[in-house]
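Asks:
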Amino acid sequence: MTTRNNINLDKIIQAAAEIIDVHGLENLTLSNLSQKLKIRSPSLYNHIKGLQDIRRLLSLHGLKQLLSVLTRAAVGRSSDEAMREMAKAYLRFARKHPGLYEVTHMAPSHSDHDLYKTGQEIVDLVTQVLEAYQMEPTDTIHIARAFRSQLHGFASLEQRRGFGMSVDLDDSFMHMIDTLLAGLHVRYPKDGQRPSAQFQTGQS
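Each residue of the sequence shown is one higher than the one before, counting from 1 in UniProt numbering.
#1: Determine, using beta carbons only, whether M86 and A73 come nearer to each other than 8 angstroms.
#2: Let me check understanding here. Comparing Cα to Cα, which of S78, L9, G76 and L66 lies closest to L57?
#3: Under DSSP, the alpha helix (DSSP H) around K11 begins and ends at which residues?
#4: Can you tell me where the alpha helix (DSSP H) holding G153 begins and where it ends?
#5: Just curious, the alpha helix (DSSP H) that Q134 is in, first and last residue?
#6: According to the Cβ coordinates, are V103 and R145 closer than 8 angstroms?
#7: Taking C-beta to C-beta, are L169 and M83 nearer than 8 angstroms?
#8: Closest to R187 by C-alpha separation, out of M135, P98 and L157, would be which residue?
#9: Could you check whether I19 and G33 sit closer than 8 angstroms to each other, using their CB atoms as the reference points?
#10: Compute every distance between the C-beta of L58 and the non-hydrogen atoms of the ligand FAD, then say whether any falls below 7 angstroms.
#11: Taking the C-alpha atoms as reference points, what is the distance between T71 and S43?
#12: Between Q150 and M176, how many whole angstroms is the CB-CB distance? I'm expecting something under 8 angstroms.
#13: Quick check on T179: buried or exposed, where buried means 16 or more other Cβ atoms within 10 Å of its Cβ?
#14: Measure the Cβ-Cβ separation of F147 and V126 and say whether it is below 8 angstroms.
#15: Spatial neighbours of T118 within its chain, please: C-beta separation below 7 angstroms, excluding the five flanking residues on both sides.
#16: Only counting the same chain, and skipping five residues up and downstream in sequence, which positions put a Cβ closer than 7 angstroms to that of P98?
#17: Among the residues of its own chain, which have a CB less than 6 angstroms from the CB of K11, if the five just before and after it don't count?
#18: How many whole angstroms separate the CB atoms of L184 and I141, which I take to be in contact at a CB cut-off of 8 angstroms?
This is the structure we're talking about:
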């Protein structure tokens, strides 16, 4: 067994992240976590309160990791390029860390300051990139939600093997993102002349 002094919270979180990436969040237990760390289960309580606590810490760790990869993808880029690179970085993260990705979507309570703050920083990053499209603040929220829904929907379906057709998934993913971006340029043209929202039948 590893001596208790060699274990710290970071090592516990990393070990738990490795377990859920391989075996899934539902298979994380204090027993298999302590086995991975080569310590006795009671020693974990020197660092965490219990299983729910480690899940919360994993959620925070995952959000911070996701924020980091999205930020790196956006730095030095703007508009469509930044959106595409963030989208690709998001999907890479979900593929590389399926368990950690899953736990990031535990809905943070407003009372949990750290979780809420980190989640909001991701939202702020996306809305900052969307400023290049010169839309109204409310529209920015709508598009940020649409972007997140597309990314999470695709990543979740892929993880659950929801795509059965023999068409390249990466091509489908980028087609989805490019369609969203094309729609942004139609709805928010640089000349400020937005198309009519009315349905036109072509009849006089």
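Beta carbons are placed, not taken as given, at the ideal position from N, Cα and C, and that holds for glycine.
Replies: Judging by the given coordinates:
#1: For the purposes of this step, residue 86 is taken as the residue at position 86 of the sequence shown. For the purposes of this step, residue 73 is taken as the residue at position 73 of the sequence shown. Yes, they are a contact pair.
#2: As a working note, residue 57 is residue 57 in the sequence shown. For L57, the nearest C-alpha among the options comes from L9.
#3: The residue labelled residue 11 in the question sits at position 11 within the sequence shown. Counting along the chain, the unbroken alpha helix (DSSP H) around K11 starts and ends at L9 to H23.
#4: In the sequence shown, the residue the question calls residue 153 occupies position 153. Run containing G153: P137 to Q159, per the alpha helix (DSSP H) assignment.
#5: Locating residue 134 in the sequence shown gives position 134, where the first residue counts as 1. Unbroken run through Q134: none, as it is neither H nor E.
#6: Position 103 of the sequence shown holds residue 103. Position 145 of the sequence shown holds residue 145. It is not a contact, given that the beta carbons lie outside the stated cut-off.
#7: As a first step, residue 169 is located in the sequence shown; it is residue number 169 there, counting from the start. As a first step, residue 83 is located in the sequence shown; it is residue number 83 there, counting from the start. With a cutoff of 8 angstroms on beta-carbon distance, L169 and M83 are scored as not near each other.
#8: Stepping through the sequence shown from its first residue, residue 187 is reached at position 187. Residue M135 is the option with its Cα nearest to R187.
#9: Position 33 of the sequence shown, counting from 1, holds the residue named residue 33. Position 19 of the sequence shown, counting from 1, holds the residue named residue 19. It is Leu, not Gly, that sits at residue 33 in the sequence shown. Against a cut-off of 8 angstroms, the Cβ pair of I19 and L33 comes out as a contact.
#10: The model on display carries no ligand, and the ligand FAD is accordingly not part of it.
#11: Mapped onto the sequence shown, residue 71 falls at position 71. Mapped onto the sequence shown, residue 43 falls at position 43. T71 and S43 have their C-alpha atoms some 36 angstroms from each other.
#12: Position 150 of the sequence shown, counted from the first residue, corresponds to residue 150. Position 176 of the sequence shown, counted from the first residue, corresponds to residue 176. Between M176 and Q150 the Cβ distance is about 6 angstroms, and since that is below 8 angstroms, they are a contact.
#13: In the sequence shown, residue 179 corresponds to position 179, counting from 1. Under the 10 Å beta carbon count, T179 is surrounded by fewer than 16 other beta carbons and is classified as exposed.
#14: In the sequence shown, counting from the first residue as 1, residue 147 sits at position 147. In the sequence shown, counting from the first residue as 1, residue 126 sits at position 126. Going by beta carbons, F147 and V126 fall inside the 8 angstroms limit.
#15: Residue mapping note: residue 118 aligns to position 118 of the sequence shown, counting from 1. For T118, same chain residues with a beta-carbon under 7 angstroms away, outside a window of 5 residues either side, are L60, L63, K64 and L67 in chain order.
#16: One-based indexing of the sequence shown puts residue 98 at position 98. For P98, where only same-chain residues beyond five positions count, the Cβ hits under 7 angstroms are D21 and Q159.
#17: Taking the first residue of the sequence shown as position 1, residue 11 is located at position 11. Taken in chain order, the list of residues that qualify is empty.
#18: Here residue 184 corresponds to residue number 184 of the sequence shown, with the count starting at 1. Here residue 141 corresponds to residue number 141 of the sequence shown, with the count starting at 1. Not really, about 14 angstroms apart at Cβ, beyond 8 angstroms.
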